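According to mature numbering (1 follows the signal peptide of the UniProt record, and there is no 0), the sequence shown holds residues -29 to -1, 1 to 517 in order.
Every residue gets a Cβ at the ideal spot worked out from N, C-alpha and C, and that includes glycine.
Since this is a predicted model, take the numbers as computed values, not measurements.
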Amino acid sequence: MAAGRALLLPPPLLLLLLLAAAVPEPAAAVWPQPQAERSPPGGGRCLLPPRRFRFAYAAGSAVGPGCAVLEAAFQRYWALLFAAARPSENEQPWGTPCTQLLVFVATPGCDGFPSLDSKESYKLSVSEGSLLLSADAVWGALRGLETFSQLVGRDENGTYYINKTEIVDFPRFPHRGLLLDTSRHYLPLRAILETLDVMAYNKFNVFHWHIVDDPSFPYESLTFPELSKQGAFNAMTHVYTASDVQTVIEYARLRGIRVIAEFDTPGHTLSWGPGAPGLLTPCYLGKYPSGTYGPINPILNSTYQFVSSLFQEVSAVFPDFFLHLGGDEVDFTCWKSNPKIRAFMKEMGFGKDYKKLESFYIQRLLDIISSLGKGYIVWQEVFDNGVKVRPDTIIHVWKENSTPYMEEMANVTKAGYRALLSAPWYLNRISYGQDWMAAYQVEPLKFEGSPEQKDRVIGGEACMWGEYVDVTNLAPRLWPRAGAVAERLWSNATVRDLQDAYVRLADFRCKLLGRGVQAQPLYVGYCENEFGYPSDVSWRGGKKRL
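#1: Ignoring anything shorter than 3 residues or poking outside the region 289 to 372, list the beta strand (DSSP E) runs there in chain order.
#2: In three-state DSSP terms, what is Asn61?
#3: Taking a contact to mean a Cβ-Cβ separation below 8 angstroms, would you say Ala(-1) touches Arg475 in this structure?
#4: Taking the alpha-carbon of Ser242 as reference, which of His295, Gln276, Pro186, Tyr397 has the nearest alpha-carbon?
#5: Which one of Lys425, Gln412, Ser402, Ile267 has the shortest CA to CA distance from Glu378?
#6: Using DSSP with H/G/I as helix, E/B as strand and the rest coil, what is Leu158?
#7: Helix, strand or coil for Arg25, going by three-state DSSP, please let me know.
#8: With a threshold of 8 angstroms, are at least 3 pairs of Cβ atoms found where one atom belongs to the region 273 to 285 and the other to the region 230 to 238?
#9: Evaluate the contact criterion for the region 203 to 223 versus the region 255 to 263: three or more CB pairs, one atom per stretch, below 8 angstroms.
#10: Does DSSP classify Lys417 as helix, strand or coil?
#11: Pick out whichever of Arg400, Thr70, Thr194 has its Cα sitting closest to the Cα of Gly437.
#12: Taking only the alpha-carbon atoms, compute the straight-line gap between Pro375 and His367 and give it to the nearest angstrom.
#13: Tell me where the beta strand (DSSP E) around Tyr255 begins and ends.
#14: So Trp436 is in the alpha helix (DSSP H); what residue range does that whole segment cover?
#15: Run through DSSP, which three-state label would Asp126 get?
#16: Given Arg23, which residues of its chain have a CB within under 6 angstroms of its CB, disregarding the five upstream and five downstream residues?
#17: Considering only C-alpha positions, which residue in the set Asp441, Asn268, Ser10 is nearest to Thr166?
#18: For a test of the three-state rule: what should DSSP assign to Asn134, helix, strand or coil?
#19: According to the Cβ coordinates, are Asp291 and Arg229 closer than 8 angstroms?
#20: Could you name the residues that DSSP lists as bridge partners for Gly454?
#21: Could you tell me the boundaries of the alpha helix (DSSP H) in which Ala410 lies?
#22: Can you tell me which of Pro11, Met319, Thr78, Tyr222 puts its alpha carbon nearest to the alpha carbon of Lys135?
#23: Would you say the region 271 to 283 touches the region 335 to 354, given that touching needs at least three Cβ pairs under 8 angstroms?
#24: When DSSP labels each residue in this structure, what does Arg143 get in the three-state scheme?
#25: For Asp363, is the classification buried or exposed, using 16 other Cβ atoms within 10 angstroms of its Cβ as the cut-off for buried?
#26: Return the residue from the list Asp88, Ile220, Thr130, Phe321 that minimises the CA-CA distance to Phe144.
#27: Note down, one range per segment and in chain order, each beta strand (DSSP E) of at least 3 residues found wholly within the region 46 to 103.
#28: Cα-Cα, which of Glu371, Pro85, Pro310 is closest to Ser261?
#29: Run the CB neighbour count on Gly184, radius 10 Å, all protein chains shown included, and call it buried at 16 or more, exposed below.
#30: Note down the Cα distance separating Pro(-19) from Ser393, rounded to an integer number of angstroms.
#31: Do Ile429 and Leu391 have their beta-carbon atoms positioned less than 8 angstroms apart in this structure?
#32: Could you check the C-alpha separation between Tyr28 and Lys174 for me, to the nearest Å?
#33: Closest by CA to Leu52, which one among Tyr211, Ile133, His146, Thr78?
#34: Let me know the alpha helix (DSSP H) ranges lying completely inside the region 469 to 503, each 4 residues or longer, listed in chain order.
#35: Could you have a look at Tyr172 and say whether DSSP puts it in helix, strand or coil?
#36: Considering only residues of the same chain and omitting the five flanking positions on each side of Gly218, which have a CB-CB separation below 7 angstroms?
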């Protein structure tokens, strides 16, 4: 199969990609693209001496030394930028040096957790001998530090520099998430932490942890320890302990990332059964039990006692206001086969409409979550089935087939609910060629609706479901493809040029390689540091040249 034909790209774009691959992008490319960026007419740059460079707090900043979020960030970014610097590169006798980045934060607060209402705006100013980063809150300062790190370049002599510029930036949407599925394949703790790092590089701010599902139950519950003992792939090696979960939450917090846990019910719960006898519905074959089980049994009081206790624990463990409660893909076959459930249906006047039984369960679950002082996110089936939910419920749109997803977005927001979009961003679905372009071209607000409806779209999530993904292929399948979603959710709606995006994303992919991320290539080309060598090392005639 000819490579050119397989790509299915229009000739002008194919030519541009080939040209772009041959021309390195200048260090000033930022991903995702800032809202506003201006360079002085005369250009110019500041030199950055690694040995003397430091991050510091500006006078009057509401936060200062001792702020754990920023102190940790200062260490991370200094290491990312200068850890590989050689002693001979530490000082330059010429040029205007910039020896510190002053950080000013307007409002106090370093000990809390990011939320849906967190302020992430910032302003970065690079002028003659001066670097200043200003933000309303520490979360905006984190985003500004990432932008600063991407602006730093290193010339052929090994000199570090940053071009003079003014950047004013803020996110378009407040919820910019990435879903990882740790049930279908267990992901080691280090893989989750590494993913959180790259999420921060892309300015994602929500880790949607689809922690349990049908195949396995790796969450180690203190209230119901048998759930993971009986439901995990391996109760010794393939579980997330309480310590692991707290490590993820704190690691994410220090990067301005929320952790929203999903415990999907009443379907997707087969792994719950072995550790919670009586929870799942016994399926029948004719008059007799078949020995198999279906969704959670919604007609037993013991069911609601169990889920109340479990979610009381989960609500205490995960500090975010929101929990994701799932509610999707409930197979009614087992319920229909069970004579006790059929009798309950008749008693309740549900007829043969098993969506009403599902709604009965979901409504009681939502009441439990409300009593715990938590908000909730649900998959779109909960809305589609007419379940009564609170006005502040967030509806997560994921289906592409039955109703076009933009029509669903219109319906959800017209009903007054906030919406999240994931339908076009299932990154586990791979194809040959540059499928990131399709994700990039999605416009979340491209539906018929009032301005008030559009305001109810709070963002979206890229999803990496785990049927065919584990630790061996997670990073290259995610990156830089997920970056297309990151820019769509952060940058201005007018940032849509595929040619410009390709050049910047290819450059960003090279930056990721330099940071140790196994990000797959976009197309033909190379990166100076793609094999793990420093960017000033090249190979000529089989010999290394420094």
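With the given structure in hand:
#1: If we require 3 residues or more, the beta strand (DSSP E) runs fully inside the region 289 to 372 come out as 293 to 295, 346 to 350, 365 to 368.
#2: Below a pLDDT of 50, predicted positions are generally treated as unreliable, and Asn61, at 49, falls in that range; the measurement from the model is reported next regardless. In the structure shown, Asn61 sits in coil (DSSP, three-state: anything other than H, G, I, E or B).
#3: yes
#4: Pro186
#5: Distances from the alpha-carbon of Glu378 to those of Lys425, Gln412, Ser402, Ile267 put Lys425 closest.
#6: coil
#7: strand
#8: yes
#9: Look at the beta carbons and you see the region 203 to 223 not touching the region 255 to 263: under three pairs across the two are nearer than 8 angstroms.
#10: coil
#11: Arg400
#12: Between Pro375 and His367, the C-alpha separation is close to 14 angstroms.
#13: 251 to 256
#14: Careful: Trp436 lies outside any alpha helix (DSSP H) and carries neither H nor E.
#15: coil
#16: Thr70
#17: Asp441
#18: strand
#19: Contact flag set, yes.
#20: Per DSSP, none; premise fails for Gly454.
#21: 407 to 411
#22: Pro11
#23: yes
#24: DSSP places Arg143 in coil when its eight states are reduced to three.
#25: Under this definition Asp363 is an exposed residue.
#26: Asp88
#27: 71 to 76, 93 to 98
#28: Taking only the C-alpha atoms, the option nearest Ser261 is Pro310.
#29: Note that residue 184 is Asp in the sequence shown here, rather than Gly. With 16 or more other Cβ atoms within 10 Å, it is buried.
#30: For Pro(-19), the pLDDT reaches just 44, beneath the cut-off of 50, and the residue's location in the model is therefore unreliable, leaving the point undetermined.
#31: yes
#32: Rounded to whole angstroms, Tyr28 to Lys174 spans 22 angstroms at the Cα level.
#33: Ile133
#34: Every unbroken stretch of the alpha helix (DSSP H) spanning 4 or more residues and falling wholly within the region 469 to 503 is given here in chain order: 469 to 485.
#35: helix
#36: Here the sequence assigns Thr to residue 218, which means Gly is not the residue at that position. Excluding sequence neighbours, Thr218 sits near Leu160.
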